[in-house]
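Data first, discussion second: the structure below is written as structure tokens.
Residue numbers (my numbering), protein chains in the order written: chain V, 11 to 472; chain E, 21 to 264.
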């Protein structure tokens, strides 16, 4: 009997426990799901209720091969981007795509097909993955690439770990000209100016992103700070190496009432006006530029015991101008509060069958869990559906199956590949049970039978 | 350093090997599974160093020790440091329930580890000295209720290492006995965590410092030093009544 609990980054706990080992091949035999560093916000790295054990990959963290001529790297699935930054940035290499935290594993980066500030030029992580080694549901270990088991390769990228257990990943690291970032930021007055600014910056910089205040209604809705940057030219970069910055601990949870609409409004106001000059430029540390939230370890504790959910959607260009404003109006009309609202312009859809981004605008919101959170997510989803958009599974905990199905015409093709490689649905997650109705249909997993048929023995057996 | 490491593929050994490789020490890895050793050697080379050599040595089979250390000496051109982190660990319940497992653990963690250290120290002394760094445990400080079988093996090991230090420190042998408290590894995963639990990377940093200084005993995390001093001082009547 286990009273262990697991959660996603949103700290909404469910029963479950982790198994760990350096030997990932053995650990994944018969496993229902793998888990990396647990930064997905919702229930995608949580096990199904009927088999509450996940195979956590984080101890399988060796770099198996690195070619400094080509940048090609092969690593065990538990290698983290943080480790790659620590060890390979001094050698002049950076990951081709990084999400907003460096605490994700290679396996997780593939499974969520993560994207970053350079999505408009570099696409998602999966675009840069040449080969993978996986253990599929049958128990076999197979290789996937653009030439081998192509359907499995494409389904696994963005496949939330549901197609098989990733053991090794081969990815192309990028040679960079200096380890410092040249950053330019601009204060913008409203969401339309923000989005125009984003598109303008996209033509000039490989890294663009920004933060907006989505709580202020009316004319100034979506005022914010736009950020753009590139690796600094060696001539303008400091000669010293940018050593890793210390992190501040967040050792306790804040009570739920601390982060509410009023305090968040106050934060937004202060953050916006801190950027007093209209534009600012300078050399920045890579950690500050790419990973501002990582600076506070366990920052998710700020949301208190009820936790929070992230809502991230992408609105395609076809939805027309003003789509972002329309979606944010739903949030403000329902009195929802988001501490961080990040808006990013995305490039074309990636090769992953369920890969999230598509050409358009991505909006990411943090929503503290309250009694009306389900209703709020429903309303946002309805609006996103109207606009022809979709949500990001790596963030989701509340989307209803019918909404997801309506948003995802690609779902049937994905499920077909899953069925081919896992006809009995031996691999599933709390999220796939919730969204796809997954049930294990393999005969040996029927109601537990004890040889003695003695109920007393059954009850006392561990 | 030119160091041989037995146990670099997992846990604290992996962290220590990484810390040593990152600062440029030349390494040679010993272990049971050569393919796994090669994966670890490749990982250690990712920082830009030359890949470490590997050879098979099994703590369950002392006949493998000599050849493995020969191989290390030949490849590195002499060794000045030997590190042992490898050991068997399991819970008191399992050891009490399975005498064969118990015999195996006691043999590996005490007898065979001592035999390996004997091989190692003879070679180091033949070259005029060096550092022998061996991972024992706080479990060896006192026979404690929840862990005294594993603890007994480590107690024997700690005593041997102390004797080695007394006898050979004058001849250039620096014996570093590492006594980790509770450290979060695959071995301890799932066990109830006490206060002052440590992480392998922090332990590695601390041990590296101790090796450089030649400190004879190092507790990691540091808090376990004062904790064990207190526990050592408790009368038997108290130890009979506490749960730890």
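All residues carry an ideal CB built from backbone N, CA and C; glycine is no exception. Quick caveat, the model's predicted, so the values are computed rather than measured.
Residue interval of the alpha helix (DSSP H) (run including residue i)
i	result
residue 424 of chain V	421-431
residue 225 of chain E	220-233
residue 417 of chain V	411-417
residue 56 of chain V	Residue 56 of chain V -> no alpha helix (DSSP H), and no H or E assigned at all.
residue 24 of chain V	Here residue 24 of chain V belongs to no alpha helix (DSSP H); instead the beta strand (DSSP E) covers 23-25.
Bridge partner(s) assigned by DSSP for residue i
i	result
residue 44 of chain V	V/65
residue 75 of chain V	V/84
residue 185 of chain V	V/103
residue 129 of chain V	The partner list for residue 129 of chain V (beta bridge, DSSP) is empty, contrary to what the question assumes.
residue 198 of chain V	V/234
residue 439 of chain V	In the DSSP output, where bridge partners are listed per residue, residue 439 of chain V has none listed.
residue 190 of chain V	V/295
residue 321 of chain V	V/375
residue 102 of chain E	E/24 and E/152
residue 326 of chain V	V/370
residue 155 of chain V	V/141
residue 197 of chain E	E/154 and E/237
residue 401 of chain V	V/323
residue 356 of chain V	V/370
residue 108 of chain V	Per DSSP, none; premise fails for residue 108 of chain V.
Which listed residue (the options) has its alpha carbon closest to that of residue i
i	options	result
residue 232 of chain V	V/339, V/417 and V/298	V/339
residue 361 of chain V	V/133, V/113 and V/381	V/133
residue 150 of chain E	E/59, E/124, E/128 and E/103	E/103
residue 48 of chain V	V/41, V/59 and V/26	V/26
residue 129 of chain V	V/80, V/99, V/157 and V/238	V/238
residue 138 of chain V	V/316, V/437 and V/182	V/182
residue 482 of chain V	V/223, V/415, V/292 and V/372	Lying outside 11 to 472, the shown extent of chain V, residue 482 of chain V is not represented and no answer is given.
residue 420 of chain V	V/97, V/168 and V/119	V/168
residue 184 of chain E	E/153, E/61 and E/226	E/153
residue 193 of chain V	V/60, V/124 and V/297	V/297
residue 24 of chain E	E/137, E/255, E/59 and E/128	E/137
residue 173 of chain E	E/182, E/145 and E/127	E/127
residue 228 of chain V	V/200, V/250, V/80 and V/77	V/200
residue 51 of chain E	E/21, E/91 and E/66	E/91
residue 384 of chain V	V/303, V/252, V/17 and V/344	V/344
residue 18 of chain V	V/255, V/41, V/250 and V/46	V/46
residue 214 of chain V	V/380, V/431, V/411 and V/131	V/131
residue 84 of chain V	V/180, V/70, V/62 and V/38	V/180
CB of residue i within 7 Å of CB of residue j, strictly
i	j	result
residue 86 of chain V	residue 72 of chain V	yes
residue 440 of chain V	residue 58 of chain V	yes
residue 434 of chain V	residue 451 of chain V	yes
residue 64 of chain E	residue 37 of chain E	yes
residue 320 of chain V	residue 51 of chain V	yes
residue 127 of chain V	residue 217 of chain V	yes
residue 162 of chain V	residue 154 of chain V	yes
residue 20 of chain E	residue 177 of chain E	Past the edges of chain E, shown from 21 to 264, lies residue 20 of chain E, and the structure says nothing about it.
residue 376 of chain V	residue 300 of chain V	no
residue 29 of chain V	residue 55 of chain V	no
residue 373 of chain V	residue 323 of chain V	yes
residue 171 of chain V	residue 44 of chain V	yes
residue 55 of chain E	residue 74 of chain V	no
residue 32 of chain E	residue 223 of chain E	yes
residue 442 of chain V	residue 397 of chain V	no
residue 88 of chain V	residue 108 of chain V	no
residue 446 of chain V	residue 402 of chain V	no
residue 46 of chain E	residue 89 of chain E	no
residue 95 of chain E	residue 21 of chain E	no
Limits of the unbroken beta strand (DSSP E) element including residue i
i	result
residue 151 of chain E	150-155
residue 376 of chain V	370-378
residue 186 of chain E	Where residue 186 of chain E is concerned, there is no enclosing beta strand (DSSP E), although the alpha helix (DSSP H) it sits in stretches over 168-188.
residue 97 of chain V	Note, residue 97 of chain V: premise wrong, no beta strand (DSSP E); alpha helix (DSSP H) at 91-98.
residue 51 of chain E	46-51
residue 220 of chain V	217-222
residue 251 of chain E	Residue 251 of chain E -> not in any beta strand (DSSP E); alpha helix (DSSP H) instead, spanning 244-253.
residue 137 of chain E	Looking at the DSSP string, residue 137 of chain E is not in any beta strand (DSSP E); the run it does join, the alpha helix (DSSP H), is 133-146.
residue 15 of chain V	15-17
Would you call the stretch 216-227 of chain E and the stretch 160-178 of chain E in contact, with 3 or more CB pairs under 8 Å?
no
Assess, as a yes-or-no matter, whether the stretch 230-239 of chain E is touched by the stretch 196-215 of chain E under the definition of 3 or more beta carbon pairs within less than 8 Å.
yes
Between the stretch 28-45 of chain E and the stretch 66-75 of chain E, do at least 3 Cβ pairs fall closer than 8 Å?
yes
With contact counted as at least three CB pairs below 8 Å, one residue from each stretch, are the stretch 243-260 of chain E and the stretch 151-166 of chain E in contact?
yes
Within 8 Å, do at least three Cβ pairs link the stretch 201-209 of chain V to the stretch 330-345 of chain V?
yes
Measuring CB atoms only, is the stretch 242-257 of chain V touching the stretch 163-171 of chain V, in the sense that at least three cross pairs come out at less than 8 Å?
no
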